[in-house]
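Have a look at the structure below, then the notes.
Chains as they are written, first to last, in my numbering: chain L, 12 to 342; chain F, 12 to 342.
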């Protein structure tokens with residue numbers, strides 16, 4: 012089996028310039044329209060299926076990495092020092108392990124998220140993508156987007172989709188070392204498209220995605236049909252994007268999200284992220300659509316809801332969801 | 012293909028005594044612990060899978076049937092005359108069509124439900140089971156429970172489980188005419204078992220079960236795995252009942268209900284019966300269980316929640332759900 016460090020070193024070894032004092036990177040968060048749920052390789056974060064996301068433009072992460080004195084990494088999140096035993100610092104240090112020139116080599120990491128952490132807004136995706144970019148900047152590797160995507164994926168699967176703006180397809184790939192499993196931007200622009208983030212709960216998730224996926228793959232009979240469902244949804248979504256057909260995009264996206272949450276609910280023991288407020292928001296969307304408003308939703312592995320609509324309908328959407336944070340993915 | 016009238020006539024022809032002035036029947040509602048979702052024969056209401064329910068004792072239906080002058084059936088529900096074009100009268104008359112000695116022969120039906128109609132409390136199950144019993148009483152056919160179960164099923168699938176108290180397994184059967192698809196009581200008593208009905212919404216369902224099942228069978232990829240899931244859950248539930256293992260019964264029941272609602276949500280277009288109050292009730296159950304209360308839930312094709320617990324915990328359950336209607340299925 013290939014380890015993540017072997018993959019990382021294969022990509023970066025023999026490249027680069029003398030390291031800078033600090034490297035910086037930023038990356039957008041992304042919201043999957045066709046979801047990623049289930050790994051075929053836990054070590055390398057290789058997915059069972061492809062997925063397709065839209066990046067959130069200005070919402071995402073900024074990371075600065077620099078060599079540090081030690082005797083351990085110094086990890087900051089939103090200007091707060093992170094305890095070394097906490098989840099955030101442990102994941103960051105484990106990722107840095109893939110790149111340390113030698114054991115006992117330490118880094119200082121300053122990360123800043125402009126999205127709520129760990130509540131379904133994929134801050135880990137933008138965080139690891141920004142980290143890969145910061146390391147590339149620090150060491151002057153000059154890596155391609157595809158290589159950065161592979162490196163980002165080693166930190167968090169969905170980070171593979173956070174290297175670019177716009178619509179990004181994460182190819183599942185089939186190589187055991189995952190070199191063909193990376194994000195690629197679709198050649199499509201949709202300036203009128205809007206994503207609305209409705210934060211219903213900013214608390215940490217009761218079951219993390221990594222653990223939840225593993226449980227679905229191992230215990231949910233329905234999971235056997237998930238790859239076929241995703242293949243059908245990916246084809247339909249790419250077609251909708253090519254035609255700029257909002258109703259088709261909304262229908263596939265909403266249906267795929269409900270199917271992923273269905274997988275979770277049929278897992279043993281069941282995983283249910285929805286809160287009463289989640290169902291209320293879903294029903295608000297359905298009622299509005301019934302009355303002619305072209306509005307759809309999606310949900311990640313969490314209770315929050317993201318809305319999909321076009322610019323012309325923003326005022327009506329804000330009327331329905333006063334606290335919504337609206338993003339124009341195409342600027 | 013065998014028609015429902017052929018099946019009905021095959022069972023009743025050549026039997027019986029001169030008809031009485033009126034026939035009467037009553038039947039309990041039943042709540043499936045392992046669910047029925049999907050038909051292999053729409054005409055005869057033959058299911059794809061078996062299912063297993065608990066009857067609700069005093070909650071159910073009473074029906075009185077008598078010959079009437081015409082020129083059409085006269086259908087009453089809870090003392091109110093039902094419009095002939097309404098869903099209730101149309102279904103009742105279509106069922107009576109299976110038994111009329113000749114065209115132009117009319118009946119008067121007086122039905123009374125002691126459960127809310129069409130809100131997931133399976134009033135159609137107890138209604139058709141009571142109707143089959145009332146016709147048996149009217150004509151003096153002297154049918155067996157098994158034969159009555161087959162006749163009741165021709166009106167509504169889950170009515171096959173409403174001929175008896177206690178735990179009833181509906182055998183899926185394999186015969187094209189469905190003569191081997193009937194409900195059978197399990198030889199188990201569980202006097203301490205309690206079912207609590209929490210009515211969150213008594214409105215009609217937006218998508219009826221018949222239409223919803225058809226849509227799942229035709230469009231939901233996950234449906235291919237449903238028969239395997241049901242087979243596993245049926246085996247586990249029968250084992251739990253035999254051992255009177257409340258935690259095992261609760262776990263299977265709750266998981267199977269969530270898996271059925273998962274099937275519905277992954278159907279195209281999606282079917283979601285849950286209301287915000289449904290999720291709130293689920294979370295109340297989970298929070299209470301976390302604190303040691305042995306309490307589980309199930310949900311039929313509707314937004315309401317039914318609770319499963321034992322008599323010793325009734326006071327605590329009533330504390331959590333003040334409006335709960337508690338039933339002792341074993342009297």
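Beta carbons are placed, not taken as given, at the ideal position from N, Cα and C, and that holds for glycine. Since the structure is predicted, the reported quantities are computational estimates derived from the model, not experimental observations.
Non-local C-beta neighbours of residue 126/F in its own chain, meaning closer than 6 angstroms and more than five positions away in sequence, comprise 40, 70, 132, 134, ordered along the chain.
Here the segment 51 to 68 of chain F makes contact with the segment 159 to 175 of chain F; the two share three or more CB pairs at distances below 8 angstroms. Here residue 164/L is buried: its Cβ has 16 or more other Cβ atoms, across all protein chains shown, within 10 Å. Looking at 252/L, 202/L, 264/L, the one whose alpha-carbon comes closest to that of residue 47/L is 264/L. Neighbours of residue 334/F across chain L, judged by C-beta separation under 8 angstroms, do not exist; the nearest C-beta is about 17 angstroms away. Excluding its 5 nearest sequence neighbours in each direction, residue 234/L has C-beta neighbours in its own chain below 7 angstroms: 49, 227, 228, 274, listed in chain order. With fewer than 16 other Cβ atoms inside 10 Å of its own Cβ, residue 112/L counts as exposed. Looking from the CA of residue 16/L, the closest CA among 52/L, 105/L, 123/L, 259/L belongs to 105/L. Sequence-distant Cβ neighbours of residue 43/L in its own chain, meaning closer than 6 angstroms and more than five residues away, are 62, 64. With respect to the C-alpha of residue 174/F, the residue from 156/F, 341/F, 318/F, 33/F having the closest C-alpha is 156/F. In the DSSP assignment, residue 118/L falls within the unbroken beta strand (DSSP E) covering 117 to 124. In this chain, the alpha helix (DSSP H) harbouring residue 161/F covers 156 to 166. Listed by position along chain L, the residues whose Cβ is nearer than 7 angstroms to that of residue 296/F form an empty set, because the closest Cβ is around 11 angstroms away. For residue 23/F, not one C-beta of chain L is nearer than 8 angstroms to its own C-beta. Residue-level contact by beta carbon holds for residue 279/F and chain L, with a gap shorter than 8 angstroms.
The three-state secondary structure of residue 175/L, taken from DSSP, is coil. Taking 4 residues as the minimum length, the alpha helix (DSSP H) runs contained wholly in the segment 192 to 239 of chain L are 220 to 230, in order along the chain. Residue-level contact check: residue 288/L touches chain F, since one or more beta carbons of chain F fall below 8 angstroms from its beta carbon. Excluding the 5 residues flanking it on each side, residue 95/L has same chain C-beta neighbours closer than 7 angstroms at 83, in chain order. Shown here, residue 323/L sits in a helix according to DSSP, grouped into three states. Counting C-beta atoms within 10 angstroms of its own C-beta, residue 32/F has fewer than 16 neighbours from the protein chains shown and is therefore classed as exposed. By the neighbour-count criterion, in which 16 or more other beta carbons inside 10 Å mark a residue as buried, residue 202/F falls on the exposed side. A direct Cα-to-Cα measurement between residue 321/L and residue 303/L gives close to 13 angstroms.
In this structure residue 279/F touches residue 230/F by the C-beta definition: roughly 4 angstroms separates them, less than 8 angstroms. Rounded to whole angstroms, the separation of the alpha carbons of residue 72/L and residue 138/L is 5 angstroms.
The C-beta of residue 44/F comes no closer than 8 angstroms to any C-beta of chain L. According to the DSSP assignment, residue 308/F belongs to the beta strand (DSSP E) that extends over 307 to 309.
Annotation for residue 108/L: no beta strand (DSSP E) segment contains it, and DSSP assigns it neither H nor E.
Separation of residue 188/L and residue 162/L (C-alpha to C-alpha, rounded to the nearest whole angstrom) is 12 angstroms. The alpha carbon of residue 341/F has as its nearest neighbour, out of 97/F, 67/F, 186/F, the alpha carbon of 67/F. DSSP links residue 41/L through a beta bridge to 66/L. With fewer than 16 other beta carbons inside 10 angstroms of its own, residue 153/F counts as exposed. For residue 232/F, the neighbours in chain L by C-beta distance under 7 angstroms run, in chain order, 236, 239, 240. With at least 16 other beta carbons inside 10 angstroms of its own, residue 93/F counts as buried.
In this structure, residue 312/F places its C-beta atom within 8 angstroms of the C-beta atom of residue 216/F.
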